[in-house]
Amino acid sequence: MSTLRKNITITEEENEIILDFCKKIGKSFSEVLRMGALFYIKEAEKKDLAEFLSLHCEKVSLEEQKEFEKMMEKIDNDDEGKEINLNELL
1 MSTLRKNITI
11 TEEENEIILD
21 FCKKIGKSFS
31 EVLRMGALFY
41 IKEAEKKDLA
51 EFLSLHCEKV
61 SLEEQKEFEK
71 MMEKIDNDDE
81 GKEINLNELL
(Lines of atoms letter the chains of each structure in order from A and count residues from 1; the text may use other names and numbers.)
(Lines give C-alpha, C1' and ligand atoms only; values in the text may rest on other atoms or scores of the structure.)
Protein backbone atom coordinates (compact mmCIF):
# COMPACT_ATOMS: atom_id res chain seq x y z
CA MET A 1 0.00 0.00 0.00
CA SER A 2 1.40 3.41 -0.89
CA THR A 3 1.58 6.06 1.80
CA LEU A 4 1.08 9.81 1.71
CA ARG A 5 2.69 12.54 3.74
CA LYS A 6 0.35 15.25 5.11
CA ASN A 7 1.11 18.44 7.01
CA ILE A 8 -1.03 19.46 9.98
CA THR A 9 -1.18 22.59 12.10
CA ILE A 10 -1.34 22.15 15.87
CA THR A 11 -0.35 24.23 18.87
CA GLU A 12 2.81 23.57 20.89
CA GLU A 13 0.61 22.39 23.75
CA GLU A 14 -1.24 19.91 21.52
CA ASN A 15 2.08 18.66 20.18
CA GLU A 16 3.40 18.03 23.70
CA ILE A 17 0.22 16.18 24.72
CA ILE A 18 0.40 13.94 21.65
CA LEU A 19 4.15 13.31 22.02
CA ASP A 20 3.74 12.40 25.70
CA PHE A 21 0.99 9.94 24.79
CA CYS A 22 3.12 8.46 21.99
CA LYS A 23 5.92 7.78 24.47
CA LYS A 24 3.49 6.12 26.92
CA ILE A 25 2.14 3.68 24.35
CA GLY A 26 5.26 3.23 22.22
CA LYS A 27 3.74 4.43 18.96
CA SER A 28 4.91 7.04 16.47
CA PHE A 29 3.28 10.44 16.21
CA SER A 30 1.90 9.54 12.77
CA GLU A 31 0.53 6.22 13.96
CA VAL A 32 -1.27 7.80 16.93
CA LEU A 33 -2.87 10.45 14.70
CA ARG A 34 -3.82 7.87 12.07
CA MET A 35 -5.35 5.53 14.67
CA GLY A 36 -7.16 8.42 16.34
CA ALA A 37 -8.59 9.73 13.08
CA LEU A 38 -9.80 6.30 11.97
CA PHE A 39 -11.38 5.65 15.39
CA TYR A 40 -13.14 9.04 15.27
CA ILE A 41 -14.52 8.31 11.79
CA LYS A 42 -15.80 4.86 12.80
CA GLU A 43 -17.52 6.27 15.89
CA ALA A 44 -19.05 9.17 13.96
CA GLU A 45 -20.43 6.80 11.34
CA LYS A 46 -22.16 4.74 14.05
CA LYS A 47 -24.29 7.70 15.11
CA ASP A 48 -27.74 8.05 13.65
CA LEU A 49 -28.47 11.06 11.47
CA ALA A 50 -30.35 13.01 14.15
CA GLU A 51 -27.51 12.64 16.65
CA PHE A 52 -24.90 13.53 14.00
CA LEU A 53 -26.80 16.67 12.97
CA SER A 54 -27.30 17.66 16.59
CA LEU A 55 -23.56 17.47 17.22
CA HIS A 56 -22.31 19.05 13.99
CA CYS A 57 -24.95 21.47 12.69
CA GLU A 58 -26.21 24.74 14.07
CA LYS A 59 -29.88 25.01 14.86
CA VAL A 60 -31.90 27.55 12.90
CA SER A 61 -33.34 30.60 14.61
CA LEU A 62 -37.06 30.69 15.42
CA GLU A 63 -37.52 33.29 12.69
CA GLU A 64 -35.81 31.09 10.10
CA GLN A 65 -37.81 28.06 11.29
CA LYS A 66 -41.06 30.00 10.74
CA GLU A 67 -39.92 30.80 7.18
CA PHE A 68 -39.29 27.09 6.53
CA GLU A 69 -42.71 26.19 7.89
CA LYS A 70 -44.39 28.77 5.63
CA MET A 71 -42.55 27.32 2.61
CA MET A 72 -43.58 23.79 3.60
CA GLU A 73 -47.25 24.84 3.78
CA LYS A 74 -47.05 26.04 0.17
CA ILE A 75 -45.60 22.79 -1.16
CA ASP A 76 -48.03 20.85 -3.32
CA ASN A 77 -47.50 17.21 -2.34
CA ASP A 78 -49.49 16.03 -5.37
CA ASP A 79 -47.14 17.77 -7.79
CA GLU A 80 -44.89 15.10 -9.28
CA GLY A 81 -42.28 17.71 -10.17
CA LYS A 82 -39.87 17.61 -13.07
CA GLU A 83 -36.46 16.02 -13.29
CA ILE A 84 -33.75 18.45 -14.38
CA ASN A 85 -30.10 18.02 -15.15
CA LEU A 86 -27.13 20.13 -14.14
CA ASN A 87 -26.96 21.90 -17.50
CA GLU A 88 -30.45 23.28 -16.96
CA LEU A 89 -29.31 24.89 -13.72
CA LEU A 90 -26.20 26.39 -15.25
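Following the UniProt record's numbering, the numbering of the sequence shown begins with 1 at its first residue and continues without gaps. All C-beta atoms, glycine included, are put in the ideal place defined by N, C-alpha and C. Since the structure is predicted, the reported quantities are computational estimates derived from the model, not experimental observations.
For residue j and residue i, believed in contact at Cβ under 8 Å, the rounded distance
i, j, result
"L19", "F29", "7 Å"
Extent of the continuous alpha helix (DSSP H) run through residue i
i, result
"S54", "49 to 56"
"G36", "29 to 46"
"L62", "62 to 74"
"E12", "12 to 25"
"L86", "86 to 89"
Residues near residue i in its chain [Cβ-Cβ closer than 6 Å; skip 5 each side]
i, result
"C22", "F29, V32"
Cβ-based neighbour list, residue i, same chain, cut-off 8 Å, excluding 5 preceding and 5 following
i, result
"K27", "M35"
Sequence-distant residues of its chain with Cβ nearer than 7 Å to residue i (five each side left out)
i, result
"residue 136", "Because the chain is modelled from 1 through 90, residue 136 falls outside the range shown and cannot be assessed."
Given residue i as reference, the closest of the options once Cα atoms are compared
i, options, result
"H56", "L62, A44, Q65, E64", "A44"
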